[in-house]
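Taken in order, these protein sequences are the chains called A and B. Mapping the first sequence onto the working numbering, position 189 (from 1) lands on 189, and the numbers just tick up by one. All you need for the working numbering is the position in the second sequence, starting with 1, plus 199. Presented below is the structure to which this report refers.
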Amino acid sequence: MEKFISHTGSALPLRRSNVDTDQIIPAVYLKRVTRSGFEDGLFAAWRSDPEFVLNKAEYSKASILVAGADFGTGSSREHAVWALQNYGFKVVISSRFADIFRGNSLKAGLLTVILGQSDVEALWSAIEAEPSLEIEVDLETRLVSYKNQAISFDLDDYTRWRLMEGLDDIGLTLRKIDEVENFEEKRAKYKPKTLPVLS
Amino acid sequence: MAKTLAEKVWDDHLVRSANGEPDLLYIDLHLIHEVTSPQAFDGLRLAKRGVRRPDLTLATEDHNVPTLNIDKPIADPVSRLQVDTLRKNCQEFGIRLHSLGDVEQGIVHVVGPQLGLTQPGMTIVCGDSHTSTHGAFGALAFGIGTSEVEHVLATQTLPLSRPKTMAINVEGKLKPGVTSKDIILAIIAKIGTGGGQGYILEYCGSAIRALSMEARMTICNMSIEAGARAGLIAPDETTFAYLKDRPHAPKGEDWQRALAYWSELKSDSDAKFDKEITLDADQLSPFVTWGTNPGQGIPLDGVIPSPQDFTDPEEVSAAERALVYMDLKAGTPMKKIKIDTVFLGSCTNGRIEDLRAAAEIIKGKKVASDIRMMVVPGSARVRLQAEAEGLDKLFLEAGAEWRSAGCSMCLGMNPDQLAPGERSASTSNRNFEGRQGKGGRTHLVSPLVAAATALRGTLSSPADL
Chain A
1 MEKFISHTGS ALPLRRSNVD TDQIIPAVYL KRVTRSGFED GLFAAWRSDP EFVLNKAEYS
61 KASILVAGAD FGTGSSREHA VWALQNYGFK VVISSRFADI FRGNSLKAGL LTVILGQSDV
121 EALWSAIEAE PSLEIEVDLE TRLVSYKNQA ISFDLDDYTR WRLMEGLDDI GLTLRKIDEV
181 ENFEEKRAKY KPKTLPVLS
Chain B
200 MAKTLAEKVW DDHLVRSANG EPDLLYIDLH LIHEVTSPQA FDGLRLAKRG VRRPDLTLAT
260 EDHNVPTLNI DKPIADPVSR LQVDTLRKNC QEFGIRLHSL GDVEQGIVHV VGPQLGLTQP
320 GMTIVCGDSH TSTHGAFGAL AFGIGTSEVE HVLATQTLPL SRPKTMAINV EGKLKPGVTS
380 KDIILAIIAK IGTGGGQGYI LEYCGSAIRA LSMEARMTIC NMSIEAGARA GLIAPDETTF
440 AYLKDRPHAP KGEDWQRALA YWSELKSDSD AKFDKEITLD ADQLSPFVTW GTNPGQGIPL
500 DGVIPSPQDF TDPEEVSAAE RALVYMDLKA GTPMKKIKID TVFLGSCTNG RIEDLRAAAE
560 IIKGKKVASD IRMMVVPGSA RVRLQAEAEG LDKLFLEAGA EWRSAGCSMC LGMNPDQLAP
620 GERSASTSNR NFEGRQGKGG RTHLVSPLVA AATALRGTLS SPADL
């Protein structure tokens, strides 16, 4: 995974709450067996409206998505994270994220930042007033900065370290595989197995 | 220290717990399907890693498979490639797969319990958010993304932060015509789609205890619609009776050992939940959604709310958007809403009890002339059982379609979709914009309301017949 230390870019204001993963990428776009190429499905239904914010020229360079509360509810499809990344987003800011979406994003290296709703509203207004506004999201300091504003956000130390080092979660667990083996030795023998297949 | 049920199961699966890092949890059962697994297998190959425990892994084909002509090759080449990829991956890594046409094929969350693989006190994951279904057995079960699927395949563990716990007490007795679907829709309307974020829900109380296993699965299934990754119910005699003699249930002395452990799986009487809410079962009536998220629900007897009925500005704008998308006007009685398609099925309500309940209402009657009713059993076994009971004939004679097993119109990934502007009464779990087909409009309902609606053509309860 690529290291994430800091990102500076312009942002796209998505003034909608409860943006579920079916909106981020509808199911019919989930048939690919790769991790790339999902950008065409991003917000597919809404994009057919020329007035949709993603279609506006002034936001075409945006790499930070600022969304309403409860972003990423619904389906566990990680394709929602990939679609955002494939399209070019590096950061999503919202006041609340659905648990599975947030877990997926932080595994895949899309930084999800939680700010208070009033900070999100202020960001929306600032972006709409100046679509090219540069926003910096920094993991070192855990700050979202624009103009003379600097808003701190929470991210647990472990996840922050993992993102800043670009570490593979599986590799980290495999370093502790002896502990997994010890656990397996003590596991109850009556627990079910899928193999061999019973008739 | 007193513990909740979720904390007990969590602690029993701790491989490692250290300050400053997430807990490492052992996974007892990993269910996989064609849509969220291909990239995980690719990741394994790229890193030259294997599947650690194929004997704790089970695959089915469900999301993307057709429900008609299943003996023919899948017509859509992209869908076919995805299903073929699962078959190749399972063969390469030695994973048991129930393919289309196999008697054990079906929706992953219907198949696990019916095989007896879902047992109390287990940790169960799947790259599907409705994995919470398995919580009905007192298992800690939750949906994961593809990165986590790869992690579980490689290590049989997951690093996770310990969630908070919430008790949802449902006390009293349900009135006739009110089902567990109405309970969960009422809970979601009460706490909202974000109400369960960060929590594991435990459903308790006399109304929950009185439910069958299948009805409990319907409730746990939709925990995610309240924002909770997992929801569970303490196992009891109903659970044990359901499990006894299932193919993968423990046998002989193992059954006794398992039973001794399972019987301890309940929240201690002095355990502290981070949050508790209570719902009165006696007050519940059939519940339906009017909007575009599962929290936008009201009793079927009600009228569509006005955005001004809400105080939170986000909810006001969400309601305004939902009414436009759903093409509905505030103040309209729900029962006046005309439906085009009735969908009976899904991991929420595609089990044999659901089909029986709906068939009982449909029996000897005709589906309204302008209604299309699709009945999609949750698994091949459910389909066979229903056919053995003659339910297929009751549906067919009433004018409904009788299909093969799969996720079908719940998510509209296969050809089973709503046309733009079409309106459904659906026993599934999500009424998101376009969920059942681009431009389609969904009202979530119980199987009883689905059946009554199919007969009358407008949203109806059996009492309206």
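We treat Cβ as the ideally placed atom computed from N, Cα and C, and that holds for glycine. What you are looking at is a predicted structure, and each value in this text was computed from that prediction instead of being measured.
Please report the straight-line C-alpha distance between residue i and residue j, rounded to a whole angstrom.
{"i": "S216 of chain B", "j": "T356 of chain B", "result": "13 Å"}
{"i": "T378 of chain B", "j": "K31 of chain A", "result": "35 Å"}
{"i": "D553 of chain B", "j": "W124 of chain A", "result": "46 Å"}
{"i": "G639 of chain B", "j": "S466 of chain B", "result": "42 Å"}
{"i": "D327 of chain B", "j": "E424 of chain B", "result": "13 Å"}
{"i": "E621 of chain B", "j": "G37 of chain A", "result": "30 Å"}
{"i": "A518 of chain B", "j": "A385 of chain B", "result": "17 Å"}
{"i": "C289 of chain B", "j": "Q238 of chain B", "result": "13 Å"}
{"i": "A480 of chain B", "j": "S411 of chain B", "result": "16 Å"}
{"i": "G300 of chain B", "j": "I269 of chain B", "result": "7 Å"}
{"i": "L263 of chain B", "j": "D211 of chain B", "result": "One detail in the question is off: residue 263 of chain B reads as Asn in this sequence, not Leu. The alpha-carbon atoms of N263 of chain B and D211 of chain B are separated by roughly 35 Å."}
{"i": "E140 of chain A", "j": "G9 of chain A", "result": "17 Å"}
{"i": "E448 of chain B", "j": "A587 of chain B", "result": "In the sequence as presented, Glu is not what sits at residue 448 of chain B; that position holds Ala. The straight-line gap from Cα to Cα measures roughly 24 Å."}
{"i": "I407 of chain B", "j": "R248 of chain B", "result": "43 Å"}
{"i": "S331 of chain B", "j": "K147 of chain A", "result": "44 Å"}
{"i": "A340 of chain B", "j": "E165 of chain A", "result": "31 Å"}
{"i": "V515 of chain B", "j": "S118 of chain A", "result": "17 Å"}
{"i": "V487 of chain B", "j": "H79 of chain A", "result": "30 Å"}
{"i": "M279 of chain B", "j": "A27 of chain A", "result": "Residue identity differs from the one stated: residue 279 of chain B is Arg in this sequence, not Met. Approximately 15 Å, taken between the alpha carbons."}
{"i": "A205 of chain B", "j": "V197 of chain A", "result": "30 Å"}
Looking only at its own chain, which residues have a Cβ that is under 7 Å from the Cβ of residue i, when we skip the five neighbours before and after it?
{"i": "F594 of chain B", "result": "A558, I561, V574, W601"}
{"i": "R634 of chain B", "result": "L610, G611, T641"}
{"i": "P319 of chain B", "result": "F336, G337, A338, P434, T438, W461, L464"}
{"i": "A597 of chain B", "result": "I561, K564, K565, V566"}
{"i": "I127 of chain A", "result": "A11, P13, V66, L133"}
{"i": "S298 of chain B", "result": "E260, R286, Q304"}
{"i": "R252 of chain B", "result": "Q355"}
{"i": "L115 of chain A", "result": "I93, S95, V144, I151, F153"}
For the alpha helix (DSSP H) containing residue i, list its first residue and its last residue.
{"i": "P439 of chain B", "result": "Inspection of the sequence shows that residue 439 of chain B is occupied by Phe rather than by Pro. From DSSP, the alpha helix (DSSP H) with F439 of chain B extends over 436-442."}
{"i": "M168 of chain B", "result": "Lying outside 200 to 664, the shown extent of chain B, residue 168 of chain B is not represented and no answer is given."}
{"i": "F38 of chain A", "result": "Here F38 of chain A belongs to no alpha helix (DSSP H), and DSSP marks it neither H nor E."}
{"i": "T284 of chain B", "result": "276-292"}
{"i": "T547 of chain B", "result": "545-548"}
{"i": "R582 of chain B", "result": "579-587"}
{"i": "C419 of chain B", "result": "412-420"}
Between which two residues does the beta strand (DSSP E) harbouring residue i extend?
{"i": "E303 of chain B", "result": "From DSSP, E303 of chain B is part of no beta strand (DSSP E); its letter is neither H nor E."}
{"i": "Q149 of chain A", "result": "149-152"}
{"i": "P498 of chain B", "result": "496-498"}
{"i": "S625 of chain B", "result": "622-625"}
{"i": "P358 of chain B", "result": "356-359"}
{"i": "D663 of chain B", "result": "No beta strand (DSSP E) holds D663 of chain B; DSSP gives it neither H nor E."}
{"i": "A11 of chain A", "result": "11-14"}
{"i": "V91 of chain A", "result": "91-94"}
{"i": "S145 of chain A", "result": "143-146"}
{"i": "T641 of chain B", "result": "640-643"}
{"i": "K160 of chain A", "result": "In the sequence as displayed, the identity of residue 160 of chain A is Arg instead of Lys. From DSSP, R160 of chain A is part of no beta strand (DSSP E) but of the alpha helix (DSSP H) over 157-165."}
Assuming residue i contacts residue j under a Cβ cut-off of 8 Å, what Cβ separation, rounded to an integer in Å, is found between them?
{"i": "V33 of chain A", "j": "T284 of chain B", "result": "5 Å"}
{"i": "D222 of chain B", "j": "L359 of chain B", "result": "6 Å"}
{"i": "I315 of chain B", "j": "P446 of chain B", "result": "Note on residue identity: the sequence assigns Gly, not Ile, to residue 315 of chain B. About 5 Å separates the two Cβ atoms, so the contact holds."}
{"i": "E436 of chain B", "j": "S405 of chain B", "result": "The Cβ separation is near 14 Å, so there is no contact."}
{"i": "P131 of chain A", "j": "Y59 of chain A", "result": "6 Å"}
{"i": "H329 of chain B", "j": "T317 of chain B", "result": "Incorrect: roughly 13 Å between the Cβ atoms, too far for contact."}
{"i": "A529 of chain B", "j": "I503 of chain B", "result": "5 Å"}
Leaving out five residues on either side along the sequence, give the residues of the same chain with a beta carbon under 8 Å from the beta carbon of residue i.
{"i": "P646 of chain B", "result": "T378, K380, L543, N548, D553, L554, A556, A557, T626"}
{"i": "L617 of chain B", "result": "D539, T540, M608, G611, S623, Q635, G636, G638, G639, R640, T641"}
Looking only at its chain, what residues have a beta carbon closer than 6 Å to the beta carbon of residue i, apart from the 5 residues adjacent to it on each side?
{"i": "G242 of chain B", "result": "E349"}
{"i": "Q85 of chain A", "result": "L110"}
{"i": "S346 of chain B", "result": "none"}
{"i": "M525 of chain B", "result": "R640"}
{"i": "R160 of chain A", "result": "L139"}
{"i": "G88 of chain A", "result": "S63"}
{"i": "S648 of chain B", "result": "Reading off the sequence, residue 648 of chain B comes out as Val, not Ser. So the qualifying residues of the chain are P485, S660."}
{"i": "G490 of chain B", "result": "A521"}
{"i": "V208 of chain B", "result": "G320, L339"}
{"i": "A427 of chain B", "result": "G395, Y398, L400"}
Looking at C-beta atoms only, is the number of pairs between the segment 447-459 of chain B and the segment 83-101 of chain A that lie closer than 8 Å three or more? Contact check between the segment 447-459 of chain B and the segment 83-101 of chain A: fewer than three CB pairs, one atom from each, fall below 8 Å, which does not count as touching.
Validate contact between the segment 528-547 of chain B and the segment 568-585 of chain B using beta carbons, cut 8 Å, 3 pairs: Cβ pair count under 8 Å is three or more, so yes.
Taking three-plus beta-carbon pairs below 8 Å as touching, is the segment 395-414 of chain B in contact with the segment 363-375 of chain B? With the cut-off at 8 Å, the segment 395-414 of chain B and the segment 363-375 of chain B touch.
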